[in-house]
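Chemist:
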Amino acid sequence: MILIVEDDAGIRELEEYALQSNGFDAHGCEDAAHFWAALRTAAPELVILDVMLPDEDGYQILGKLRADAAYSRVPVIMVTAKTSEIDVVKGLDHGADDYLCKPFGVMEFISRVKAVLRRSAAAAPAAHLLHFGEIELDDTARSVRAAGAPVELTYKEYALLHLFLEHPGEVLARERIMKEVWDTDDLLESRTIDMHVRTLRQKLGAAGDAIRTVRKVGYKLSMEGSDD
Numbered sequence: 001m002i003l004i005v006e007d008d009a010g011i012r013e014l015e016e017y018a019l020q021s022n023g024f025d026a027h028g029c030e031d032a033a034h035f036w037a038a039l040r041t042a043a044p045e046l047v048i049l050d051v052m053l054p055d056e057d058g059y060q061i062l063g064k065l066r067a068d069a070a071y072s073r074v075p076v077i078m079v080t081a082k083t084s085e086i087d088v089v090k091g092l093d094h095g096a097d098d099y100l101c102k103p104f105g106v107m108e109f110i111s112r113v114k115a116v117l118r119r120s121a122a123a124a125p126a127a128h129l130l131h132f133g134e135i136e137l138d139d140t141a142r143s144v145r146a147a148g149a150p151v152e153l154t155y156k157e158y159a160l161l162h163l164f165l166e167h168p169g170e171v172l173a174r175e176r177i178m179k180e181v182w183d184t185d186d187l188l189e190s191r192t193i194d195m196h197v198r199t200l201r202q203k204l205g206a207a208g209d210a211i212r213t214v215r216k217v218g219y220k221l222s223m224e225g226s227d228d
């Protein structure tokens with residue numbers, strides 16, 4: 001089942017009809033209260049989540065989903081009328097799997113839904129414990145420690161660190177990082193990587209020095225010197 005959370009009845013009915021016409025079981029919710037009620041009946045395979053809602057906004061709903069072990073891996077597509085980069089980054093950093101900016105076409109909408117569902121189905125189970133030097137990531141508890149001390153990370157900082165820990169010593173190009181962590185090929189947003197690497201290093205303290213910059217290419221997790 002796909003749950004649609006959209007307060008605009010016209011848009012909600014259009015999304016519901018488009019999904020049902022393409023063979024999906026879709027159910028529309030006009031606000032957060034109806035969404036949480038629907039969620040108690042069955043876990044959805046995907047959530048289409050509008051940002052602006054009359055009670056809780058989409059970011060609040062997404063944060064609660066990601067914090068709940070029962071729903072933390074349910075894919076979410078954010079739908080927003082806002083088009084600035086900061087709004088897109090905010091949605092992705094809160095844990096959204098994709099986003100759509102209004103207005104959008106039905107074909108694009110269905111294409112994005114199918115792509116997110118494919119990625120969700122193909123996702124391999126993550127390793128239970130990853131570590132490098134003084135950095136340790138427990139994927140079951142979704143916790144990170146550096147030099148024995150707990151580290152609080154945002155959803156995207158966690159995903160970025162997870163990618164580095166899965167490929168120690170390997171140079172990760174910016175294109176690959178954008179694709180695997182932010183699911184986009186748009187390198188115009190690559191400064192987002194720099195911002196997240198900078199804050200990730202700061203939060204990890206001295207252990208964060210292991211995240212090395214490879215000039216004109218990307219980053220790598222290494223005990224060796226940086227190519228800056």
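Residue numbers 1 to 228, in this note's numbering, belong to the letters of the sequence shown in order.
Note that beta-carbon positions come from the ideal geometry of N, C-alpha and C, so glycine has one too.
Since we're looking at a predicted model, the values are computed, not measured.
1) Are the segment 93-100 and the segment 144-158 touching, with three or more C-beta to C-beta distances below 8 Å?
2) In whole angstroms, what separates the C-alpha of residue 31 from that of residue 6?
3) Below 8 Å, how does it come out for the segment 38-47 and the segment 131-145: are there three or more Cβ pairs, yes or no?
4) Under the DSSP definition of a beta bridge, which residues are partnered with residue 50?
5) Taking residue 49 as the reference, give the member of 41, 40, 35 with the closest Cα.
6) Taking DSSP as the reference, what is the three-state secondary structure of residue 228?
7) I need the DSSP call for residue 124, collapsed to helix, strand or coil.
8) Does the segment 112-122 come close enough to the segment 65-72 that 3 or more CB-CB pairs lie under 8 Å?
9) Can you list, in chain order, the residues of its chain with a C-beta nearer than 8 Å to that of residue 179? Leave out the 5 residues immediately preceding and following it.
10) Suppose only complete runs of 3+ residues qualify. What are the beta strand (DSSP E) ranges in the segment 184-214, listed by chain order?
11) Name the two residues that bound the continuous alpha helix (DSSP H) containing residue 155.
12) Where does residue 173 sit, in a helix, a strand or coil, going by DSSP?
13) Using a Cβ-Cβ cut-off of 7 Å (strictly less than) and excluding sequence neighbours within five positions of residue 226, which residues of its own chain qualify?
14) Have a look at residue 124 and residue 163 and give me their C-alpha separation to the nearest angstrom.
15) Per the DSSP calculation, residue 143 is bridged to which residue(s)?
16) Please classify residue 81 as buried or exposed, where buried requires at least 16 other C-beta atoms within 10 Å of its C-beta.
17) What whole-angstrom Cβ distance do residue 79 and residue 100 have, given they're in contact under 8 Å?
18) What number of angstroms, rounded off, separates the C-alpha of residue 51 from the C-alpha of residue 197?
19) Suppose contacts are defined by Cβ-Cβ distances below 7 Å. Is residue 76 in contact with residue 53 by that definition?
20) Assuming contact is defined by CB atoms lying nearer than 7 Å, are residue 89 and residue 199 in contact in what I supplied?
21) DSSP three-state label for residue 93, please.
22) What first and last residue would you give for the alpha helix (DSSP H) that runs through residue 35?
23) Residue 9 lies in the alpha helix (DSSP H); which residues open and close that run?
24) May I have the straight-line CA-CA distance separating residue 14 from residue 27, to the nearest angstrom?
Modeler: On the basis of the coordinates in this document:
1) yes
2) Against the sequence shown, residue 31 aligns to sequence position 31. Against the sequence shown, residue 6 aligns to sequence position 6. Their backbone Cα atoms lie some 7 Å apart in a straight line.
3) no
4) Translated into the one-based positions of the sequence shown, residue 50 becomes position 50. DSSP, once it has assigned bridges, lists 79 as partnering residue 50.
5) Residue mapping note: residue 49 aligns to position 49 of the sequence shown, counting from 1. Ranking 41, 40, 35 by Cα distance to residue 49 puts 35 first.
6) Mapped onto the sequence shown, residue 228 falls at position 228. No answer about residue 228 holds up, because its pLDDT of 45 lies below 50 and its placement is not dependable.
7) Taking the first residue of the sequence shown as 1, we reach residue 124 at position 124. Below a pLDDT of 50, predicted positions are generally treated as unreliable, and residue 124, at 49, falls in that range; the measurement from the model is reported next regardless. Coil.
8) no
9) Looking up residue 179 in the sequence shown gives position 179. If we look at residue 179 and ignore the five residues flanking it on each side, its Cβ neighbours are 185.
10) 211-214
11) Taking the sequence shown and counting its residues from 1, one reaches residue 155 at position 155. Here the alpha helix (DSSP H) through residue 155 covers 155-166.
12) Your numbering for residue 173 matches position 173 in the sequence shown. DSSP places residue 173 in strand when its eight states are reduced to three.
13) Numbered from its first residue, the sequence shown carries residue 226 at position 226. Per-residue confidence for residue 226 stands at a pLDDT of 46, beneath the threshold of 50, marking its modelled position as unreliable; no derived number is given.
14) One-based indexing of the sequence shown puts residue 124 at position 124. One-based indexing of the sequence shown puts residue 163 at position 163. Summary for residue 124: the model assigns pLDDT 49, below 50, so the residue's position carries little reliability; its value from the coordinates is reported in the next sentence. Answer to the nearest angstrom: the Cα atoms are 13 Å apart.
15) Counting from 1 along the sequence shown, the entry for residue 143 is found at position 143. DSSP output for residue 143 lists 138 as bridge partner(s).
16) Here residue 81 refers to the residue found at position 81 of the sequence shown. The residue in question, residue 81, is exposed, as its Cβ has fewer than 16 Cβ neighbours within 10 Å.
17) For the purposes of this step, residue 79 is identified with residue 79 of the sequence shown, where counting begins at 1. For the purposes of this step, residue 100 is identified with residue 100 of the sequence shown, where counting begins at 1. Between residue 100 and residue 79 the Cβ distance is about 5 Å, and since that is below 8 Å, they are a contact.
18) In the sequence shown, residue 51 corresponds to position 51, counting from 1. In the sequence shown, residue 197 corresponds to position 197, counting from 1. Each residue's Cα considered, the two are about 26 Å apart.
19) For the purposes of this step, residue 76 is taken as the residue at position 76 of the sequence shown. For the purposes of this step, residue 53 is taken as the residue at position 53 of the sequence shown. Contact flag unset, no.
20) The count along the sequence shown starts at 1 and reaches residue 89 at position 89. The count along the sequence shown starts at 1 and reaches residue 199 at position 199. For residue 89 and residue 199, no; Cβs fall outside 7 Å.
21) Stepping through the sequence shown from its first residue, residue 93 is reached at position 93. Helix, per DSSP.
22) Indexing the sequence shown from 1 puts residue 35 at position 35. Unbroken alpha helix (DSSP H) run through residue 35: 32-39.
23) Mapped onto the sequence shown, residue 9 falls at position 9. Element bounds for residue 9: 9-21.
24) Locating residue 14 in the sequence shown gives position 14, counting from the first residue. Locating residue 27 in the sequence shown gives position 27, counting from the first residue. Computed Cα separation, rounded: 12 Å.
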